[in-house]
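Down below is the structure, laid out as C-alpha cells.
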Amino acid sequence: ALRLNSNKITDIGAQKLGEALERNTTLLTLRLRYNKLGVPAAKAVGQALKKNYTLTMLDLRDNTVGDLGVKEISEGLERNSALLNLNLSCNRIGNEGWIELANSLKTNTALRVLEIKGNEFREGALGVAQVLQSNRTLVALNLTNIKLTDTDCKIAEGLKRNSTLVALNLSRNYLQESGCEILKSLKSNTTLQILNLEANDMGDVGGLVGDVLKKSD
763 ALRLNSNKIT DIGAQKLGEA LERNTTLLTL RLRYNKLGVP AAKAVGQALK
813 KNYTLTMLDL RDNTVGDLGV KEISEGLERN SALLNLNLSC NRIGNEGWIE
863 LANSLKTNTA LRVLEIKGNE FREGALGVAQ VLQSNRTLVA LNLTNIKLTD
913 TDCKIAEGLK RNSTLVALNL SRNYLQESGC EILKSLKSNT TLQILNLEAN
963 DMGDVGGLVG DVLKKSD
C-alpha cells in the first residue's frame, strides 16, 4: 500500500505517478486524498487504469477532478479489470460527470465498492437506476450528501431489478417521498442488507418499515 494523502502533490507529480502505474505490477492500494488533484492528474489516472492490472484500491477523495476529470477516469474503468474499490468523494463532480461514470459501470465487471459522496448531481437518479439495473458486480455504493432528488422514483425501480448490491447509502439527500418508494422496493429485492436513508425528509415511515419487515415472515 502507498499512502500519499495531504502531500500537496501537483498535477505534474500525479502525471509522473500515473506513468509509473502503467508499468507497475505490485502495488495494490494507492491513497491520494487532499492533494488538490485536477483534470491532468485524473487523465493520468485514467490512462494508468487502462494498462494496470494489479491495483485494487484507489482513493482520490477530496481532490478537484470535476466532470472532465471523472470522464477520463471513467474511460479507464471501461478497460480495467482489476480495480475493486474506488473513492471519488468530494471531487466537485456534477451531473455530467456522474453520467460518464454511470455509463462506464455498465461495462466494468470488476469494481465492487464505489464511494462518491459529497459531490453534487441533483438530477442523477436516472444514472443511479441504470447502474443498479445493469451492473452485476457492485456490492457497496455510497451516495451520501449529493443533493439527490428522485421525483420519478427511478432508484426504487432499479433496486427491484438489482441482485448484487449489499449496502446502499443514500443519506442526507432530498429524496422525500421517493425514499418511501425505495423502502417499498425492498419487498422485491433479495440481496440488500444495509440501507441508509437518514436525513431525507421522508416523514413518519414507521408503518411502512413495519410492512417491509413483514416480508420475511
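In terms of the working numbering, the sequence shown has 850 at position 88, counting the first letter as 1, and numbering is strictly consecutive.
By construction, the Cβ of each residue, glycine as well, lies at the ideal position given by its N, Cα and C atoms.
- In this structure, N897 keeps its C-beta atom at 9 Å or more from the C-beta atom of K916.
- Shown here for A776: same chain residues with a beta carbon closer than 6 Å to its own, the five before and five after excluded, namely L799, A803 and A806 in chain order.
- Considering only D914, L970, K922 and D829, the residue with the shortest C-alpha distance to V801 is D829.
- When the beta-carbon positions are compared, A844 and V875 stay at least 9 Å from each other.
- Between the alpha carbons of N857 and L888 lies a gap of roughly 10 Å.
- Assigned with DSSP and collapsed to three states, T869 falls in helix.
- Excluding residues up to 5 positions away in sequence, L894 lie with their Cβ nearer than 6 Å to the Cβ of N924 in the same chain.
- Listed in chain order, the non-local C-beta contacts of L957 below 6 Å within the same chain comprise L930, local neighbours out to five positions each way being set aside.
- For S851 and L863, the gap between their C-alpha atoms comes out near 13 Å.
- Counting only runs of 4 or more residues that sit fully inside the region 826-875, the alpha helix (DSSP H) segments are 828-840 and 857-869, in chain order.
- Shortest Cα-Cα distance from L873 to any of V827, G808 and L839 involves L839.
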